[in-house]
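Numbering (the working numbering), first residue to last: 1 to 458.
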Amino acid sequence: MTQPTLIPFNPVIPFHGDVKSFAMLGPLQGPMEYDGWREESQSWKNGAYLGAAITWGPAYTVKGPDAERFFSENFVNDFATMPVGGFRHGIMCDPQGRIMMDGVVMRVAQDEFYTCWLSPYIDYALSKGSYDAVGEDLMGQRFLFQVAGPKSLEILERAAGADLHDINFGRHRMARIGNADVRIFRLGMAGSLAYEVHGDVGDGQDVFNAIWEAGRGLGMQKLGQVAYMLNHTEDGFPQAYYHFPYPWYEDAGFAAYLDARPGAGWMQYQPRLLGSMGGDIKARYVTPFDTGWENRIKWDHDFVGKQALQEMAKAPRRTVATLEWNTEDVADVYASQFRDEEPYEPISDRPNDIRYDPGTLDQATGQIRAFTYHQDKVMKDGREVGFSSGRAVSQTYRRMISLGFIERDLAKIGTEVVVLWGSPGSRQKEIRATVARFPYLQVERNDKVDVEKIPRLV
1 MTQPTLIPFN
11 PVIPFHGDVK
21 SFAMLGPLQG
31 PMEYDGWREE
41 SQSWKNGAYL
51 GAAITWGPAY
61 TVKGPDAERF
71 FSENFVNDFA
81 TMPVGGFRHG
91 IMCDPQGRIM
101 MDGVVMRVAQ
111 DEFYTCWLSP
121 YIDYALSKGS
131 YDAVGEDLMG
141 QRFLFQVAGP
151 KSLEILERAA
161 GADLHDINFG
171 RHRMARIGNA
181 DVRIFRLGMA
191 GSLAYEVHGD
201 VGDGQDVFNA
211 IWEAGRGLGM
221 QKLGQVAYML
231 NHTEDGFPQA
241 YYHFPYPWYE
251 DAGFAAYLDA
261 RPGAGWMQYQ
271 PRLLGSMGGD
281 IKARYVTPFD
291 TGWENRIKWD
301 HDFVGKQALQ
311 EMAKAPRRTV
321 ATLEWNTEDV
331 ADVYASQFRD
341 EEPYEPISDR
351 PNDIRYDPGT
361 LDQATGQIRA
371 FTYHQDKVMK
381 DGREVGFSSG
391 RAVSQTYRRM
401 ISLGFIERDL
411 AKIGTEVVVL
421 WGSPGSRQKE
431 IRATVARFPY
441 LQVERNDKVD
451 VEKIPRLV
């Protein structure tokens, strides 16, 4: 008799009996909602949140005399001037200039870099080169908690029992929470004051509990995955796997690497493609110019994709903007399900279009077909000018918004465009949209917050 498989819950997230719903987040079950996404989405504006939505993600280190050279040759960023305790939003491109992977790179020693969300491509790139450096995959061995909101510093100081005011934006250092050594990093996706806490997975539950106990009296809420995804659209930070896919399987060598490691490419392996952009996944790939990240590119060194990006830089085609959807048009799509007519494709009762499901196993390759990408065409005067993704309900501003990757001359506040809602072959709706402020969230930005105005731990 086949024994039933136990549900693999995330081992670093304590269960306090307050989770409203779970779903598969990567290989593990994780919390979708605690208090409900509407309440949780106010946390980073009014108090603070404790989130573990991406704690299961890939962590990877590169260490050795050639570590800096490896990063310089494989990333668009400058690493020569990066100090110990500093970071880069690392971007890796393919020879065509398309983003292959992006994530955080922290310099933890002169010859050692710690990265988040850059594996498996970083491992593949390291294996192809000739470097006096060693890479180590730490997925499943490290945790990453996010603490964001105006009360986040006070909460972390209570948890650590130490003054953390010296950690400037984009800097990180070691500290202790309880009996655990942790790295505290002033960065986050909320747009507001925010921090990350990194440590060994064996300490995860104790650290989570310590932060939670420190924050309960200061208005802290736990953040589920649903509300977490709203961060990226409100804050104007495009998120891979949500706003856009990576072109992993366009690279034959990397595709073979992934196929030799069943499950490694599950986020990109034969994904479900929804929205009016149709079935051509290549139309959904982006470059650093499309995402507004061209300021990360440093031209003073050679790197993969440099020639293609130099050509793009002469006349960049697209950039990113906030699109504010017309309320009446959104309501018409929703109301169509209650009329005696063919309904439009439903706008989910969830506040965003990311789907969480375990997918189906491809027996031939061992890969899981699980991830869904939803992108819709953006039109202007009947002409396609880009695509919209990351549809989100902003509870704070009572609007439906998305990020638009659109032609640059249209990315001006007040420009009117149309989002074409509905997959090809279905009934489609032209939803009017207006280019709005970017980022949409209006709070004091993390890099601008003067923490000297925040009370220190006594």
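Backbone N, C-alpha and C define an ideal beta-carbon position, used for all residues, glycine too.
What residue from Glu40, Phe22, His16 has the CA that sits closest to Phe394's CA?
A small fix is needed here, since residue 394 is Ser in this sequence, not Phe. Closest by alpha carbon: Glu40.
Go ahead and pull the three-state DSSP assignment for Thr327.
Three-state DSSP puts Thr327 in a helix.
Own chain partners of Val418 with C-beta closer than 8 angstroms, once the 5 adjacent residues on each side are dropped
Taking Val418 as the centre and dropping the five residues before and after it, the same chain places the C-beta of Val378, Met379, Lys380, Glu430, Ile431, Arg432, Ala433 closer than 8 angstroms to its C-beta, in chain order.
Can you tell me the Cα-Cα spacing of Ala125 and Tyr249, whole angstroms?
Distance from the CA atom of Ala125 to the CA atom of Tyr249, rounded to whole angstroms, is 15 angstroms.
Taking 8 angstroms as the cut-off, decide whether the C-beta atoms of Ile167 and Arg183 are in contact.
No.
Return helix, strand or coil for Lys63, following the three-state DSSP convention.
Correct three-state label for Lys63: strand.
Are Thr61 and Tyr114 close, meaning C-beta to C-beta below 8 angstroms?
In this structure, Tyr114 lies closer than 8 angstroms to Thr61 by Cβ.
Own chain, CB closer than 7 angstroms to Phe405, minus 5 neighbours either side, in chain order:
Result list for Phe405: Val286, Asp290, Arg318, Val320, Gly386, Phe387, in chain order.
Cut-off 6 angstroms between Cβ atoms - residues of its own chain near Ile354, not counting five sequence neighbours on either side:
Closer than 6 angstroms at Cβ, skipping near neighbours: Met229, Tyr242.
Pair every Cβ in the segment 210-227 with every Cβ in the segment 154-167, then say whether three or more of these pairs are closer than 8 angstroms.
Flag = yes, the segment 210-227 and the segment 154-167 touch.
Pick out whichever of Gly178, Asp163, Gln270, Arg296 has its Cα sitting closest to the Cα of Phe75.
Ranking Gly178, Asp163, Gln270, Arg296 by Cα distance to Phe75 puts Arg296 first.
In chain order, what residues of the same chain lie with their CB nearer than 7 angstroms to the CB of Ala411, ignoring the 5 residues before and after it?
Here the set comprises Thr319, Ala321, Val435.
Thinking C-alpha only, which one of Asp329, Asp66, Trp299 is nearest Leu420?
Distance from the Cα of Leu420 is smallest, within the candidate group Asp329, Asp66, Trp299, for Asp329.
Rank Ser276, Ala48, Leu223, Asp300 by C-alpha distance to the C-alpha of Asp376 and give the top, closest one.
Of Ser276, Ala48, Leu223, Asp300, the residue nearest in Cα terms is Ser276.
Would you report the Cα separation of Arg399 and Tyr257, rounded to the nearest angstrom?
Computed Cα separation, rounded: 43 angstroms.
May I ask you to verify whether the segment 145-153 touches the segment 41-58, counting CB pairs closer than 8 angstroms and requiring at least 3?
Under the 8 angstroms Cβ criterion, the segment 145-153 counts as touching the segment 41-58, having at least three qualifying pairs.
Meets three-Cβ-pair contact criterion under 8 angstroms: the segment 186-204 and the segment 118-134:
Between the segment 186-204 and the segment 118-134, the count of Cβ pairs shorter than 8 angstroms is below three; the stretches do not touch.
Just mark Asp251 as buried or exposed, buried being the case when its beta carbon has 16 or more other beta carbons within 10 Å.
Asp251 should be labelled buried.
Beta-carbon proximity of Gly204 to Phe303, cut-off 8 angstroms
Taking a C-beta distance under 8 angstroms as the contact criterion, Gly204 and Phe303 do not qualify as a contact pair.
In three-state terms, what does DSSP make of Lys45?
Reduced to three states, the DSSP call for Lys45 is helix.
Helix or strand or just coil, what does DSSP make of Gly36?
Three-state DSSP puts Gly36 in coil, outside helix and strand.
Drop a sphere of 10 angstroms on the beta-carbon of Trp299, count the other beta-carbons inside from all chains shown, and report buried for 16 or more, exposed for fewer.
Trp299 comes out exposed.
Along the chain, where does the beta strand (DSSP E) containing Glu384 start, and where does it finish?
Per DSSP, Glu384 belongs to the beta strand (DSSP E) from 383-394.
Among Gln110, Thr396, Ser336, which has the Cα closest to the Cα of Lys63?
Comparing Cα-Cα distances from Lys63 to each of Gln110, Thr396, Ser336, the minimum goes to Gln110.
Note down the Cα distance separating Gly140 from Val19, rounded to an integer number of angstroms.
Spanning the two alpha carbons is a distance of roughly 22 angstroms.
Just mark Ala264 as buried or exposed, buried being the case when its beta carbon has 16 or more other beta carbons within 10 Å.
Classification of Ala264: buried, given that the 10 Å Cβ count is 16 or more.
Per DSSP, what are the beta-bridge partners of Ala101 in this structure?
Going by the sequence as given, residue 101 is Met instead of Ala. Per DSSP, the beta-bridge partners of Met101 are Met92.
Using 10 angstroms around the beta-carbon of Met32, count the other beta-carbons present and answer buried if the total reaches 16, otherwise exposed.
Label assigned to Met32: buried.
Roughly how many whole angstroms lie between the Cα atoms of Met267 and Phe438?
Per the coordinates, the alpha-carbon of Met267 lies some 28 angstroms from the alpha-carbon of Phe438.
Starting from Ile401, trace the alpha helix (DSSP H) in both directions and tell me its first and last residue.
No alpha helix (DSSP H) holds Ile401; the beta strand (DSSP E) holding it covers 399-407.
Would you mind reading off the limits of the alpha helix (DSSP H) that contains Met312?
Annotation for Met312: the continuous alpha helix (DSSP H) segment containing it runs 306-314.
Can you tell which of Ala180, Ala240, Glu73 has the C-alpha that lies nearest to the C-alpha of Gly57?
Closest option to Gly57, Cα to Cα, is Ala240.
Using the DSSP secondary-structure output, state which residues sit across from Thr319 in a beta bridge.
When beta bridges are read from the DSSP output, Thr319 appears opposite Ile406.
Measure the beta-carbon distance from Met106 to Tyr246 and round it to whole angstroms, keeping in mind my assumption that it falls under 8 angstroms.
Tyr246 and Met106 do not touch by the CB rule: their CB atoms are close to 21 angstroms apart, not below 8 angstroms.
Residues in the same chain with beta-carbon distance under 8 angstroms from Glu294, minus the five sequence neighbours each way, listed in chain order, please.
Closer than 8 angstroms at Cβ, skipping near neighbours: Pro288, Ala313, Pro316.
Taking the alpha carbon of Ser402 as the reference point, which residue from Leu441, Gly278, Pro83, Phe169 has its own alpha carbon closest?
Taking only the C-alpha atoms, the option nearest Ser402 is Leu441.
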